[in-house]
Each structure stands twice: as C-alpha cells, then as structure tokens.
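K.L.:
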Amino acid sequence: MATPERFSNLPEYAFPRLRALLSGIEPGGEPVVMTIGEPRHQLPGFVAPIMAENISQFGKYPPNEGSAPLLDAVSGWISRRYGIEVAPDRIMALNGTREGLFNAALALCPEEKNGQRPAILVPNPFYQVYAVAAAAVGAEAIFVSATAESGHLPDYTALDPALLDRVAIAYICSPANPQGAIADEDYLERLIALAERHDFLVFADECYSEIWRDAPPPGALAVATRMGLADRVVIFNSLSKRSNLPGLRSGFAAGSRGAIAQMRRLRSYSGAPLSLPAQAVSAAAWADEDHVRDSLALYQRKYAVADRVLGNVPGYRGPEGGFFLWLPVKDGEDAAKTLWREAGIQVLPGAYLSRDVDGENPGKGYIRVALVASEDETEQALNRLKQVIY
Numbered sequence: 001m002a003t004p005e006r007f008s009n010l011p012e013y014a015f016p017r018l019r020a021l022l023s024g025i026e027p028g029g030e031p032v033v034m035t036i037g038e039p040r041h042q043l044p045g046f047v048a049p050i051m052a053e054n055i056s057q058f059g060k061y062p063p064n065e066g067s068a069p070l071l072d073a074v075s076g077w078i079s080r081r082y083g084i085e086v087a088p089d090r091i092m093a094l095n096g097t098r099e100g101l102f103n104a105a106l107a108l109c110p111e112e113k114n115g116q117r118p119a120i121l122v123p124n125p126f127y128q129v130y131a132v133a134a135a136a137v138g139a140e141a142i143f144v145s146a147t148a149e150s151g152h153l154p155d156y157t158a159l160d161p162a163l164l165d166r167v168a169i170a171y172i173c174s175p176a177n178p179q180g181a182i183a184d185e186d187y188l189e190r191l192i193a194l195a196e197r198h199d200f201l202v203f204a205d206e207c208y209s210e211i212w213r214d215a216p217p218p219g220a221l222a223v224a225t226r227m228g229l230a231d232r233v234v235i236f237n238s239l240s241k242r243s244n245l246p247g248l249r250s251g252f253a254a255g256s257r258g259a260i261a262q263m264r265r266l267r268s269y270s271g272a273p274l275s276l277p278a279q280a281v282s283a284a285a286w287a288d289e290d291h292v293r294d295s296l297a298l299y300q301r302k303y304a305v306a307d308r309v310l311g312n313v314p315g316y317r318g319p320e321g322g323f324f325l326w327l328p329v330k331d332g333e334d335a336a337k338t339l340w341r342e343a344g345i346q347v348l349p350g351a352y353l354s355r356d357v358d359g360e361n362p363g364k365g366y367i368r369v370a371l372v373a374s375e376d377e378t379e380q381a382l383n384r385l386k387q388v389i390y
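The UniProt record's numbering puts the first residue of the sequence shown at 1, with every later residue one more than the last.
(1) Tell me whether the beta-carbon of S256 lies closer than 8 Å to the beta-carbon of R90.
(2) By Cβ distance below 6 Å, which residues in the same chain neighbour T97 in space, the five residues on each side in sequence not counted?
(3) For P44, count neighbouring Cβ atoms within 10 angstroms of its own Cβ and tell me buried if that reaches 16, exposed if not.
(4) So, with DSSP's three-state summary, where would you put F203?
(5) Is it the case that the Cβ atoms of A139 and C109 are separated by a distance below 8 Å?
(6) Where does the unbroken beta strand (DSSP E) through L327 begin, and where does it stop?
(7) Compute the distance between the beta-carbons of V357 and F203, then report whether it is under 8 Å.
(8) Could you pull the start and end residues of the alpha helix (DSSP H) that N383 belongs to?
(9) I think L353 touches A306, with their Cβ atoms under 8 Å apart; what is that distance to the nearest whole Å?
(10) Can you list, in chain order, the residues of its chain whose CB lies under 7 Å from that of V292, leaving out five sequence neighbours each side?
(11) What is the rounded straight-line gap between the Cα of Q279 and the Cα of L70?
(12) When DSSP builds the beta bridges, which residues end up paired with M92?
(13) What are the complete alpha helix (DSSP H) segments, minimum 4 residues, inside the stretch 13 to 63?
(14) Alpha carbon to alpha carbon, how far is I192 from G318?
(15) So, I345 versus R301, is the Cβ gap smaller than 8 Å?
(16) Please state the DSSP three-state secondary structure of residue 479.
(17) Tell me, please, whether the stretch 146 to 165 touches the stretch 214 to 232 by the rule of three or more beta-carbon pairs shorter than 8 Å.
(18) Quick check: what's the CA-CA separation for A2 versus Y127?
(19) Indicate whether L101 and V129 have their beta-carbon atoms separated by less than 8 Å.
(20) CB-CB under 8 Å to L10, same chain, minus the five flanking residues each way: which ones, in chain order?
(21) From the DSSP output, read off the bridge partner residues of R368.
(22) Tell whether a beta-carbon distance below 8 Å holds between G332 and P349.
(23) State the start and end residues of the unbroken alpha helix (DSSP H) segment that holds P69.
(24) From L248, N95 and V33, pick the residue whose C-alpha is nearest to that of Q48; which is it?
(25) CA-CA distance, P27 and Y82?
(26) Pull up the DSSP beta-bridge partners for N237, would you.
(27) Can you find the residues in the same chain that come closer than 6 Å, C-beta to C-beta, to Q57, ignoring five residues on each side of it along the sequence?
(28) How far does the alpha helix (DSSP H) with A280 in it reach, from first residue to last?
(29) Please tell me whether G76 and A261 are closer than 8 Å, where the distance is taken between their beta carbons.
(30) Along the beta strand (DSSP E) that carries A141, what are the first and last residues, could you check?
(31) In chain order, which continuous runs of the alpha helix (DSSP H) of length 4 or greater are located wholly inside the stretch 97 to 132?
(32) Buried or exposed: which applies to D199, given that a residue is buried once 16 or more other Cβ atoms fall within 10 Å of its Cβ?
(33) To the nearest angstrom, how far is it from the Cα of R265 to the Cα of A272?
(34) Let me make sure I understand the geometry here. Which of A215, I78 and K113 has the alpha-carbon closest to that of A87?
(35) My guess is that Y366 and L327 are in contact by the Cβ rule of under 8 Å, so how many angstroms apart are they, rounded?
(36) Spell out the partners DSSP gives V357 in its beta bridges.
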C-alpha cells in the first residue's frame, strides 16, 4: 500500500536513526545509555498497593475522558500548582501526552484558515510528534529555530504577519526538550497576545514542569487566565517525568470547555483510554507531592554534577529545567559515534531532533544527554564523556 504523500517526507524517527548510525561499532566500555528520556528514579511507594487494590477494575471499560476521581485530582493539582481553578469538564485524561499532543491537532486544527492552508508553528529542535501532527491534518509545519541567540526558545513574534494569519496552532515546550530553556511569564504573555492577535491556539507541552533548577516554571494556562485569554491555550502534562512513571502512560490536557469537548468527542471514537487501575494510581500521584520533591532534589544534585564536570567546556549551558544536557560539539553524529566507540556512552545527535531550515540544522552542533541515571552513574559517565570529546 502506498504511503500517504503527507507522511512520505517525514524523516526516520530519532532512535532508529541512532541505531543505524552506531550499527557495527563495538562499545568501548560498559555501555551507558544517555539517550532516551526515561526516568530511572524510584517509583512512588503507593503505586503497587493501589494497583493491587483496583486489580478487579481491569474487568471494566474505563471512561474515555477520565474517571471523576482522576479529573478532580488533576483539577486540584492545577489549583495548587498554578493558583487557577480549572473545572473537571475542562480536563481530559490522556494515554500519555504524546497521544494528546497529536490528537489535539486532529480535533482542533481547521481545514482552512482565512481561505488558505493552515500553518502550525513548531520549535526547532522539537519533540517529533509536533511535526507528524501537522502532517496528519494537512497543515504546513513552520519550523522556527530555537538557538542560543534566541534563548533556546522560538521567537514566533518575529514571523511575517501574513504567515501568522495562517497559523492555527503554535506548539511550545517549557522546560524545552532538548535545551532545558524555560519560557518565563513575559515570553508567555507575548506568545498568548500574538495568538489572540492572529487567532490561533497555543499548545503548551509542559511535561517537564516539575523538574527545574531555581524556581517552578510558570504555566501557560495560568498566564493566559490572568490575561483573560484562557481560551487561547491548551496545556499538556504527564506523570512520566513528574512521578517517574513513563510506563503508566498517563497524562492530561486542560483548556477551554470548547476545546476539551472537541478532544473528548474525537477520543470517544478513536482514543485508547487509561485502564481504571491506572487511573486510580494516577489520581493518587497527582494528589501527592512528597515523591515529586524527592525526585526534584535528585535532579538538582545532578545539575550540580553536570556544572562541576562540564562547567569549563566552551559553550556549556546548564539546563534551567528538564533533565537533558544540550552539549555543544563540532558535529553531533561524529560525537555520538566517537563516544560509543571510545567510551561506550550512547547519546543522541541533536540533528535528529531538528529540521533543516534554509540549509541549516540548528541541532547539528549538539548532542542530547539524558540525566536519568543515579547521581554516581551520571558523574562517572559525564567524566568519561568529557575526556573523550572535550
């Protein structure tokens, strides 16, 4: 069967590309995988008892939009975290935020914008689901480079107003994957005002919101609410990074009643809802902050390790949030092969998370390194990394 043309131009996903790049190269030491953003911190202690207590619920079909206890728990967390009230009918449970970031475009992107093909703004580099969502709805993906010069966040305000009038959706990730930059309130206010002026939605991927260096990142929906423009924003978050539960596949979207109603409607036809035992665990996780504080403290210690080991590397910039290092190198692919061959350290070339724009790939001179292992393992691996490539 022929591949639909709108998907034929998508490059191969990052991790198959990495496997091909390293194929045939023997690791030069005990392998250390620092590529994938899979937290390895301790699971919350309540997970197994709650799952066991609710095991019989696997015999029931779960509600698509999320159970009442789960939606209430998310609503309560948003209130405590951001100081805004978001009713449960403005929230939808997700089978991982990747599903939501994709399906929200299907549900909310119009077929035309002002009589033209719609455009979707994507930070570059970016989480790859943003691009495939644009392709799925037939929109033009506009990749906007987020470089050191722009503070590692995309400057959407600099785009041509005629282009902005075609924009239906703008994706933003804060803390940013992979660079770790945080969109402050001023940045978010400018972006939301731009969305109001040009009539588009902001999809704010906030999956790393609970991993930060100095202060909790502001939330896009909270900023929009204070501006009286809450209808302009849909936020996405999950328990994968916050609670070290990537395998639970549990997240949520929150926005206006109209936007969430459209997403729920699509979900009723095509979604894969969370099982009721998973929803029970999720409700407990959103209601508990002790395990989050413990995990955050460990990430902050690993920031200090990275600063100590790599602080004198030219161009090094410790992340403001999230758990990735975005390390400058001459060429990301060459660095990845060298690290695997000489040290057994597996990292991701930055170009695999970016697209060429005007012949330039903003990720080419970087590697992404995940700080997901223990503090001691991280320090040992970063010292080996530094010895090999710096």
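We put the beta carbon where it would ideally sit given N, CA and C, even for glycine. Source: prediction; values computed, not measured.
P.N.:
Once the coordinates are examined:
(1) yes
(2) C207, F236, S238 and G251
(3) buried
(4) strand
(5) yes
(6) F324 to P328
(7) no
(8) E375 to I389
(9) So it is not a contact: roughly 19 Å between Cβ atoms.
(10) E210, R242 and S243
(11) 6 Å
(12) A253
(13) 14 to 22 and 47 to 53
(14) 27 Å
(15) no
(16) Missing from the structure shown is residue 479; the chain here goes from 1 to 390 and no further.
(17) no
(18) Low confidence applies to A2: its pLDDT is 47, below 50, so where it sits in the model is not reliable, and the reading given next is rough at best. Straight-line Cα distance between these residues: approximately 26 Å.
(19) yes
(20) A131, V132 and A135
(21) W326 and L348
(22) yes
(23) A68 to Y82
(24) Per the sequence presented here, residue 48 reads as Ala, with Gln not at that position. The candidate whose alpha carbon is nearest that of A48 is L248.
(25) 45 Å
(26) F252
(27) L276 and P277
(28) L276 to A287
(29) no
(30) E140 to S145
(31) 97 to 108
(32) exposed
(33) 13 Å
(34) I78
(35) 6 Å
(36) E360
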